[in-house]
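S.K.: Take this structure, written in structure tokens, and hold onto it; I'll ask about it next.
Residue numbers (full-length UniProt numbering): 1 to 254.
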């Protein structure tokens, strides 16, 4: 994301859209609601230079009350900006758990992917070590039937494919990989307890998660991994098939 201002929508159809965001920044819930009631259509259509709407700003600036008003007014909870970021992605990236909880309750897809990186909200929370957001997202995933509730099913229900907590991003990294790479041992433990696969490997180097934790000098994550799966200590980095040559360069993507 990038390019937008925190103080108003750069691209808006009328001044009312810009004022909505300014009121939101000030935390004037009553004023926000009054403007929203008067200018619902303008608010629904307002976008900044990156295609973000008012809900994105509510999530970024941690305004759960205004966010709830917007959803009640008919703003779609899962609308993406030009880079594929939904309000849930934005709220998760800023560790705004109250907004994350509201968005999930109002239909935001916890497995929807950002364009390019293909990170979902679990990847984002795991990469940054945001425990409360991670727990909320995991709860949303585990309490709904992904095959019937409108949640993204790409890579979830395939034969021998990964489960919801093990969906890889564009670089082959699962949320657990992201947590281990970023040295977030608490997040790693939570993901493992939720069923994350401890034997996943980095596609470029074929290293297992314990290789990564040892290489980082991350004692706590090493303990978490070995407690969950002692056999990791016996894995070499060439047990599995080597990655295909078409894989993109490896990167620790945040």
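All residues carry an ideal CB built from backbone N, CA and C; glycine is no exception.
Name, in chain order, the residues that DSSP records as bridge partners for residue 201.
M.R.: BP columns for residue 201 point to 208.
S.K.: For residue 86 and residue 56, what's the separation of their Cα atoms in angstroms?
M.R.: Rounded to whole angstroms, residue 86 to residue 56 spans 7 Å at the Cα level.
S.K.: Measure the C-alpha to C-alpha separation of residue 118 and residue 170 and round it to an integer number of angstroms.
M.R.: Whole-angstrom Cα-Cα distance: 5 Å.
S.K.: For my contact list, residue 70 and residue 54 are in at a C-beta cut-off of 8 Å; report their separation, rounded to the angstrom.
M.R.: Going by Cβ atoms, the distance from residue 70 to residue 54 rounds to 6 Å, so yes, they are a contact pair.
S.K.: Are residue 175 and residue 126 touching if we call contact CB-CB under 7 Å?
M.R.: Result yes, Cβ atoms of residue 175 and residue 126 sit closer than 7 Å.
S.K.: So, for residue 172: in the same chain, excluding its five sequence neighbours on each side, which residues have a beta-carbon less than 6 Å away from its beta-carbon?
M.R.: Hits under 6 Å: 203.
S.K.: Under a Cβ-count criterion, where at least 16 other Cβ atoms within 10 Å of its own Cβ denotes burial, should residue 113 be classed as buried or exposed?
M.R.: Residue 113 is buried by the Cβ-count criterion.
S.K.: Could you pull out every residue in the same chain whose Cβ sits closer than 6 Å to the Cβ of residue 249, ignoring the five residues on either side in sequence?
M.R.: With a pLDDT of only 39 at residue 249, under the threshold of 50, the placement of this residue in the model should not be trusted; the figure read from the coordinates follows. Excluding positions up to five away in sequence, the list is empty.
S.K.: So for residue 76, helix, strand or coil by DSSP?
M.R.: In this structure, residue 76 counts as coil in the three-state DSSP scheme.
S.K.: For residue 102, which residues of its own chain have a beta-carbon under 8 Å away from its beta-carbon, when the five flanking residues on both sides are left out?
M.R.: The answer, listed in chain order, is 64, 67, 68, 71.
S.K.: How far does the alpha helix (DSSP H) with residue 37 in it reach, from first residue to last?
M.R.: Taken as a continuous stretch (DSSP letters only), the alpha helix (DSSP H) holding residue 37 covers 29-38.
S.K.: By DSSP, does residue 57 sit in helix, in strand, or in coil?
M.R.: Residue 57: helix per DSSP, three-state reduction.
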